[in-house]
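Take a look at the structure below.
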């Protein structure tokens, strides 16, 4: 998180690591993120890439772009100790990647993202005073 707008809205700088044995360069993303909790322990996260002058593009990363995305996390009715996660993701990796490379690598990136979403939600639920720093997974997000 680089800027908190209000208790549910913030700007996040996300960094990917290089992957596919270095053939895909690291990316960074600047996203406006809105987190809303609804009755029944349902969490909805909406995000979209934005321009943020405090974090201009860097020569260290290729600036990716997330079109409007959404994530809905809700308890399973048959087992409330477990959750269902529904994702709508529209990412432009940008750079000079062929569609076949993106299609081959995106599934493992999304799985890594899902595994780390649990950590993000736990951090969000953490008591006041606990930080909001996330260690990203290997290839999609590294929160700064």
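In the UniProt record's numbering, the protein residues as written are 1 to 144.
Glycine included, C-beta positions come from ideal geometry on N, C-alpha and C.
From a predicted model like this one, the values you see are computed outputs, not experimental measurements.
Candidates the options: closest to residue i by CA position
i           : options    : result
residue 27  : 112, 62, 3 : 62
residue 151 : 55, 46, 36 : Lying outside 1 to 144, the shown extent of the chain, residue 151 is not represented and no answer is given.
residue 83  : 91, 40, 47 : 40
C-beta atoms of residue i and residue j nearer than 8 Å
i           : j          : result
residue 10  : residue 33 : yes
residue 101 : residue 24 : yes
residue 72  : residue 86 : yes
residue 65  : residue 49 : yes
For residue j and residue i, the rounded distance between their alpha carbons
i           : j           : result
residue 81  : residue 2   : 32 Å
residue 93  : residue 67  : 11 Å
residue 122 : residue 59  : 33 Å
residue 53  : residue 95  : 21 Å
residue 18  : residue 98  : 16 Å
residue 111 : residue 51  : 27 Å
residue 104 : residue 114 : 17 Å
residue 156 : residue 22  : Residue coverage of the chain in this structure runs from 1 to 144, which leaves residue 156 outside it and unanswerable.
residue 42  : residue 20  : 35 Å
residue 91  : residue 79  : 32 Å
residue 5   : residue 16  : 24 Å
residue 76  : residue 46  : 21 Å
residue 119 : residue 74  : 15 Å
residue 56  : residue 69  : 22 Å
Residue i: first and last residue of the uninterrupted beta strand (DSSP E) it sits in
i          : result
residue 85 : 83-88
residue 44 : 42-49
residue 33 : 27-38
residue 71 : 69-75
residue 3  : 3-6
residue 14 : 9-15
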